[in-house]
Amino acid sequence: MTTPVLQVEALRRSFGPATVVDGVSLRIDPGETVGLLGPNGAGKTTTISMIAGLLRPDGGSVRIQGVDVASDPLSAKRYLGLVPQDLAIYPELSARSNLSFFGRLQGMRGAALRRRVAEVLEVVGLTDRATGPSKTFSGGMKRRLNIAIGLLHEPRLLILDEPTVGVDPQSRNAILESVEALSGEGMAVLYTTHYMEEAERLCDRIGIIDAGRVIAEGTREELVELTGRTDTVTLAGDGPLEEIEAAVSRIPAVREVHRIPGERRLVMVVQGAPQAVSAIVATATGAGMTLRDVEISRPDLESVFLHLTGKALRD
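Quick note on numbering: full-length UniProt numbering labels position 21 of the sequence shown as 21, and the sequence is numbered without any gaps.
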């Protein structure tokens, strides 16, 4: 069995009478991106502060690459790259100088450091802005430099805490592309966000956190199944709709079929639409339908969060 890069067991933390993190457990394997999805104040940042060894937990344990963070923090942190919400850069220094400084703190020197600085500048798309003072950067560019610093020493685990907050759409997309590339290279990534579209795009598994507890965890499909909701497939086209309706209704994945009055459309309630849609299209065309359009509508993580907590994700 693969040794997890990160193993968190029953992590707890209170501030005074308020319990902020209440029994959080997580596992991340090599090359896996796991998201913590929840609203502001859910306990995401406190959780990663304990994982990173910045905050002592009241209970539970954290192991990074098999090393216990509480008993051997220096060894554990060698495997860790942390990109915090707050920018951790020196604004008077250039991107290259920032990276060189932080690289030396990690014990990197000479040609190896220069080569790695060039590599991470390329990863985050800042090669052409390597020499100017970082105080002239846009908010998104500063965020990307923040990520480059976290990547510099080639950590086994990269923690990204709300890395796209307050950035422009172009920089946000650049950040997401960088994260996608990292997991493809075998790095384990823990990604906290309250943007469901980021979690859906990036994460192999997602933990939904609310009031300090992980209330559900799994792939997107597994989480959606918790709501009991199914997908909707709409076919638009011409042909004998009554016969087409009867034909597609016999497909096992199709739960219901409805004809829209006055329109040449069939709307189906389907279990597992991405897997069933090819059979639906083939059956409909075989029954005489000339298709103009096929549309699949699926429940999203916002629906899951609302179902599990009774409130919207951004409440």
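Virtual Cβ for every residue (Gly too), placed ideally from N, Cα, C. Nothing here was measured: the structure is a model prediction, and the numbers come from that model.
Look up residue 167 in the DSSP assignment and say whether it is helix, strand or coil.
If you number the sequence shown from 1, residue 167 lands on position 167. In the three-state scheme derived from DSSP, where H, G and I count as helix and E and B as strand, residue 167 is classed as coil.
Does the stretch 161-180 touch the stretch 105-113, meaning 3 or more C-beta pairs lie closer than 8 Å?
no
Taking 6 Å as the limit between beta carbons, can you name the residues of its chain near residue 172, skipping five residues before and five after?
Looking up residue 172 in the sequence shown gives position 172. Counting only Cβ-Cβ distances below 6 Å, and skipping sequence neighbours, we find 164.
Between which residues of its own chain and residue 243 is the CB-CB distance below 8 Å, once the five residues before and five after are set aside?
Counted from its first residue, the sequence shown places residue 243 at position 243. Once the five neighbours on either side are set aside, the close Cβ partners of residue 243 are 287, 288.
Should residue 5 and residue 25 be called a contact, given that it needs their Cβ atoms to be closer than 7 Å?
Indexing the sequence shown from 1 puts residue 5 at position 5. Indexing the sequence shown from 1 puts residue 25 at position 25. For residue 5 and residue 25, no; Cβs fall outside 7 Å.
Please state whether DSSP places residue 251 in a helix, a strand or coil.
Here residue 251 refers to the residue found at position 251 when the sequence shown is read from its first residue. In this structure, residue 251 counts as coil in the three-state DSSP scheme.
So, is residue 142 buried or exposed, given that buried needs 16 or more other C-beta atoms within 10 angstroms?
Your numbering for residue 142 matches position 142 in the sequence shown. Per the 10 Å Cβ criterion, buried.
CA-to-CA distance, residue 31 to residue 65, given in whole angstroms
What you label residue 65 is simply residue 65 of the sequence shown in a count that begins at 1. What you label residue 31 is simply residue 31 of the sequence shown in a count that begins at 1. Straight-line Cα distance between these residues: approximately 13 Å.
Residue burial classification, residue 260 (beta-carbon count within 10 angstroms, cutoff 16)
If you number the sequence shown from 1, residue 260 lands on position 260. The residue is exposed, with fewer than 16 neighbouring Cβ atoms inside 10 Å.
Cα-Cα, which of 47, 204, 77 is closest to residue 33?
On the sequence shown, residue 33 is found 33 positions in, with the first residue counted as 1. Out of 47, 204, 77, 204 has the C-alpha closest to the C-alpha of residue 33.
Assign residue 298 to one of three DSSP states: helix, strand, or coil.
Within the sequence shown, residue 298 is the residue found at index 298, counting from 1. In the structure shown, residue 298 sits in coil (DSSP, three-state: anything other than H, G, I, E or B).
In the DSSP assignment, find the unbroken beta strand (DSSP E) run with residue 268 in it and report its ends.
Taking the first residue of the sequence shown as position 1, residue 268 is located at position 268. For residue 268, the enclosing beta strand (DSSP E) stretches over residues 265-270.
On the three-state DSSP scale, how would you describe residue 154?
The residue you call residue 154 lines up with position 154 of the sequence shown. The answer is coil: DSSP assigns residue 154 none of H, G, I, E or B.
Which runs of the alpha helix (DSSP H), 4 residues or longer, sit entirely within the stretch 97-140?
110-123
Counting only beta-carbon atoms, is residue 95 nearer than 7 Å to chain C?
The structure shown contains no chain C; it is built from a single protein chain.
Helix, strand or coil for residue 85 per DSSP?
Reading the sequence shown from its first residue, position 85 is the one you call residue 85. DSSP places residue 85 in coil when its eight states are reduced to three.
Comparing C-alpha positions only, which one of 55, 218, 75 sits nearest to residue 106?
Position 106 of the sequence shown holds residue 106. Answer by Cα proximity: 75.
Please tell me whether residue 257 and residue 270 are closer than 7 Å, where the distance is taken between their beta carbons.
Numbered from its first residue, the sequence shown carries residue 257 at position 257. Numbered from its first residue, the sequence shown carries residue 270 at position 270. Contact check for residue 257 against residue 270 fails: the beta carbons are separated by 7 Å or more.
Once you ignore the five residues that flank residue 195 on each side, which residues in its own chain have a CB closer than 8 Å to its CB?
Counting from 1 along the sequence shown, the entry for residue 195 is found at position 195. Same-chain partners within the cutoff: 164.
Shortest alpha-carbon distance to residue 188 belongs to which of 214, 154, 262, 166?
Along the sequence shown, read from residue 1 onward, the residue named residue 188 stands at position 188. Of the candidates 214, 154, 262, 166, the one whose C-alpha sits nearest the C-alpha of residue 188 is 154.
Taking DSSP's pairing of strands, which residues face residue 161 in a bridge?
Counted from its first residue, the sequence shown places residue 161 at position 161. Beta-bridge pairing by DSSP links residue 161 to 192.
Where the alpha helix (DSSP H) through residue 275 begins and ends
The count along the sequence shown starts at 1 and reaches residue 275 at position 275. Residues 273-286.
In three-state terms, what does DSSP make of residue 52?
Translated into positions along the sequence shown, residue 52 becomes position 52. DSSP places residue 52 in coil when its eight states are reduced to three.
Among 130, 159, 94, 137, which residue has its Cα nearest to the Cα of residue 49?
Translated into positions along the sequence shown, residue 49 becomes position 49. Per the Cα distances, 159.
When 299, 290, 305, 293 are compared against residue 272, the one with the closest alpha-carbon
Against the sequence shown, residue 272 aligns to sequence position 272. Among 299, 290, 305, 293, the Cα nearest to that of residue 272 belongs to 299.
Counting Cβ pairs closer than 8 Å, one from the stretch 205-223 and one from the stretch 292-306, do we hit at least three?
Taking 8 Å as the limit for Cβ pairs, the verdict is that the stretch 292-306 does touch the stretch 205-223.
From residue 137 to residue 157, what distance separates their C-alpha atoms?
Indexing the sequence shown from 1 puts residue 137 at position 137. Indexing the sequence shown from 1 puts residue 157 at position 157. When rounded, the distance between both Cα atoms is 27 Å.
Inter-residue Cα distance where the pair is residue 19 and residue 193
Residue numbering aside, residue 19 sits at position 19 when the sequence shown is read from its first letter. Residue numbering aside, residue 193 sits at position 193 when the sequence shown is read from its first letter. Rounded to the nearest angstrom, the two C-alpha atoms are 21 Å apart.
Less than 8 Å between the CB atoms is what I'm expecting for residue 120 and residue 151, so what's the real figure, rounded?
As a working mapping, residue 120 is identified with position 120 in the sequence shown. As a working mapping, residue 151 is identified with position 151 in the sequence shown. In this structure, residue 120 and residue 151 form a Cβ contact; the two beta carbons are roughly 5 Å apart against a cut-off of 8 Å.
Is residue 255 buried or exposed, if buried means 16 or more other CB atoms sit within 10 Å of its CB?
Numbered from 1 along the sequence shown, position 255 holds the residue referred to as residue 255. Exposed, since its Cβ has fewer than 16 Cβ neighbours within 10 Å.
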